[in-house]
Amino acid sequence: MSVPRVRFAPSPTGDLHVGGVRSALFNWLHARHTGGVFVLRVEDTDRARSTDEATNIILEGMAWIGMEPDEGPFFQSRRGDLYRARVQELLAAGGAYRCWCTKETIAEKRTAAEKTGTLFRYDRICRGRTEGPSPDAPFVLRAALPEEGEVVIEDVVKGRVVIRNDHLDDFILARADGSPVYNFTVVVDDIDMGITHVIRGDDHLNNTPKQMHLYRLLGAEPPVFAHLPMVHGPDGKKLGKRHGAASILQFRELGFLPDVMRGFLARLGWSHGDQEEFTTDELIQLFDLTGVRGSAAVFDHTKLEWLNGRRIREMAPMELLDLAQPFLERAGIPTDAAWLPRAVVAVQERAKTLVEIAEKLTMFVDRGPVTFDEKAQTKFLTDDSKPRLAALADALAAVETFTAPEVEAATSRFLEERELKMKHIGQPTRVALTGGTVSPSIYDVMEIFGREVTLDRLRSAAGD
RNA sequence: GCCCCUAUCGUCUAGCCCGGUCCAGGACGCGGCCCUCUCAAGGCCGAGACGGGGGUUCAAAUCCCCCUAGGGGUACCA
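If you read the first sequence in my numbering, its first letter stands for residue -5, the second for the next number, and so on.
Written out as structure tokens, the structure reads:
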């Protein structure tokens, strides 16, 4: 058996959203799992809606998520010759015919059909015609489909789907200006590129019977089809722009890890028992098209965050720091600061995204006087606590090496002598050091700030 | 309207193909408790679902039919 060949075929008309990326992922996984070939094909036959910018977004998104194509990207806009050649063949063989009906006439008939509540189908009045109303009258090219019988799709995920041919119409292959249309180009390209498995969103399921006829008309064997369930937003509708973050690049900006995105997206419609987290290697090893569910899934942002947090926590600190680089820069954190490696450790178990890593790190940048959160100040910097902070500062001054364990030991001794509990000085110390009530362990904070800053802050909080 | 797809906790899902082991399992989220210098993390406990109705069968979440609901499509878009 020849190697499986799959493709991801987005159209560059806007953002590359996560639904599309999931389709790409399933194709990619199928290729990797089976030792097949993953092809990227940009479907830009609609010149009016396609933009270079959108193409770049697709390429960038695919690169970020780590699914570089084995072949391509190919652009349909550069394959006009192939489509023209195929359509001529079809015309000659009687698989296609010229249709001189105008858009307007068709539209009228459509509205009329809608009124009677029946399915609109082109009435095929041009099918027998050999010439138009005038020699230079514009025409489109239509597929000559059978009027009786039915098409059977043996879909890997949907099962057997049967469509009656009299529900199909002689759809357009090429526009009046000669440019080919989607349903034609996909088939031509999938044949030309030797695609063995068409794995795509189930919004294409309705196109499939038409395409199957085209395969036959073009003398080719149809591929295996696998129609994936849609990804929905929280409102249960097909995921789109108005669902907040939907574009894959947005998730990069939000500080999600590409690896986590892959694992999460794979679980939308596919699963392996109760396993929640997958490395990419596991995905490749375990993924199987036949395990894909048929029903749509809602994109659960909260679970994605949990997954991302888990991965961040288990990552090597230096690796994390490396990945967080751009986010630190954006947050104005000097990326060469000596305290960074230490601080990342203190912060990594508390962050769900790289953005949060940067946010939590910013408190260590400024070493000058603290700006107090008003509530925190009144609540914890009291007449009771202030003298203790001053005394603690004195106790800490004697610590030999100013590391978290040393500082902690010294603090414990201090507490013991005074018969105090940690809870008596914990929050006051935190407020003194950071100005607020939330931070990593105060011992970590002290080490990161160092002796000088720690004592200064402790004393100045005790002072006023 | 018409055509197609889908239907297990709020969400992602296991189980369904090969009926009994399911008074339906896991995870996110939620509530509580524990741990604790705060916040997280972690641990434990809890609430929470087979859309409805008919069949078939000794037995149905699992098989069949109908209904309902949701989604998708219905372009000289992809």
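Glycine included, every Cβ here is placed at the ideal spot set by N, Cα and C.
Within its chain, find whatever has a CB closer than 6 Å to the CB of Thr405; leave out the 5 residues flanking it on each side and keep chain order. So the list is empty, once near-sequence residues are dropped.
Kindly identify the DSSP beta-bridge partner or partners of Pro174. In DSSP, Pro174 forms a bridge with Ala168.
### Query
Which class does His24 belong to by DSSP, given the choice of helix, strand or coil?
helix
Between the alpha carbons of His198 and His221, how many angstroms are there, rounded? 7 Å
Inset, instruction - Label Asp330 either buried or exposed according to how many other C-beta atoms from any shown protein chain fall within 10 Å of its C-beta, with 16 as the threshold for buried. - result: Asp330 should be labelled exposed.
Worksheet item: Going along the chain, which residues of its own chain have a beta-carbon closer than 8 Å to the beta-carbon of Val364, five neighbours each way excluded?
Response: Ala426, Leu427, Thr428, Gly429, Arg451, Ser454 and Ala455
Contact belief for Arg256 with Leu19 at Cβ below 8 Å, rounded distance in angstroms: 6 Å
Q.
Measuring only the C-alpha atoms, how far is Met357 from Phe69?
A. 48 Å
In whole angstroms, give me the CA-to-CA distance for Ala25 and Leu334.
41 Å
Fill in: C-alpha gap between Gln205 and Gly267, whole angstroms
Answer to the nearest angstrom: the Cα atoms are 35 Å apart.
Report task. Work out the CA separation of Lys103 and Gly153 for me, nearest whole Å. Result -> 35 Å
| field | Buried or exposed (CB count within 10 angstroms, at least 16 for buried), Val432 | value | exposed
Exercise for review: Give the secondary structure of Glu148 by DSSP, where H, G and I count as helix, E and B as strand, and everything else as coil.
Suggested key: strand
Once you ignore the five residues that flank Glu400 on each side, which residues in its own chain have a CB closer than 8 Å to its CB?
Val393 and Glu394
Item to complete: Return helix, strand or coil for Phe366, following the three-state DSSP convention.
Response: coil
Can you give me the C-alpha to C-alpha distance between Leu535 and Ile52, rounded to a whole angstrom? Lying before the first or after the last residue shown, residue 535 is absent from the chain, which here runs from -5 to 458.
Taking Val31 as the reference, give the member of Asn21, Tyr77, Gly111 and Gly362 with the closest Cα.
-> Of the listed residues, the one whose Cα sits closest to Val31 is Asn21.
Between the CA atoms of Lys232 and Arg304 - distance to the nearest angstrom: 28 Å
Exercise. Roughly how far, in whole angstroms, is the beta-carbon of Gly60 from the beta-carbon of Pro252, given that I think they are within contact range, below 8 Å?
Worked result: 5 Å
In chain order, what residues of the same chain have a beta carbon less than 7 Å from the beta carbon of Arg169, not counting five sequence neighbours either side? Closer than 7 Å at the Cβ level, and outside the excluded window around Arg169, lie Val134 and Val175.
Three or more C-beta pairs below 8 Å linking the segment 363 to 377 and the segment 412 to 427: yes
Between the Cα of Leu243 and the Cα atoms of Ser(-4), Gly13 and Arg(-1), which residue gives the shortest distance?
-> Gly13
**Message:** For the pair the segment 132 to 150 and the segment 92 to 107, tell me if three or more CB-CB distances fall below 8 Å.
**Reply:** As far as the Cβ criterion goes, the segment 132 to 150 touches the segment 92 to 107, which means the pair count is three or higher.
**Request:** Could you tell me whether the segment 119 to 131 touches the segment 67 to 81, where touching means 3 or more Cβ pairs closer than 8 Å?
**Result:** no
Best match in Pro381, Leu85 and Gly195 for proximity to Ser289 [C-alpha to C-alpha]:
Gly195
Pull up the DSSP beta-bridge partners for Phe219, would you. Val192
At which residue ranges does the segment 393 to 436 contain complete alpha helix (DSSP H) runs of 4 or more residues, listed in the order of the chain? 398 to 412 and 416 to 428
| query | Ser(-4): buried (16+ other C-beta within 10 angstroms of its C-beta) or exposed? | reply | exposed
- Task: Give a yes or no on contact between the segment 342 to 357 and the segment 293 to 309, applying the rule of three or more CB pairs nearer than 8 Å.
- Result: Yes: the two stretches touch, three or more of their Cβ pairs being nearer than 8 Å.
* **the segment 41 to 52 touching the segment -1 to 8, judged by at least three CB pairs closer than 8 Å** => yes
(Q) Taking contact to mean 3 or more Cβ pairs, one atom from each stretch, closer than 8 Å, check whether the segment 415 to 422 and the segment 316 to 328 are in contact. (A) no
- Message: If you measure between the beta carbons of His226 and Val292, is that distance less than 7 Å?
- Response: yes
Length of the line joining the Cα atoms of Thr284 and Trp264: 9 Å
On the CB-based measure, 16 or more other CB atoms within 10 Å of its CB, does Pro463 come out buried or exposed?
The requested residue 463 does not occur in the structure, where the chain is confined to residues -5 to 458.
Legend entry - Residues near Leu390 in its chain [Cβ-Cβ closer than 7 Å; skip 5 each side]: Val401, Ala404, Thr448 and Leu449
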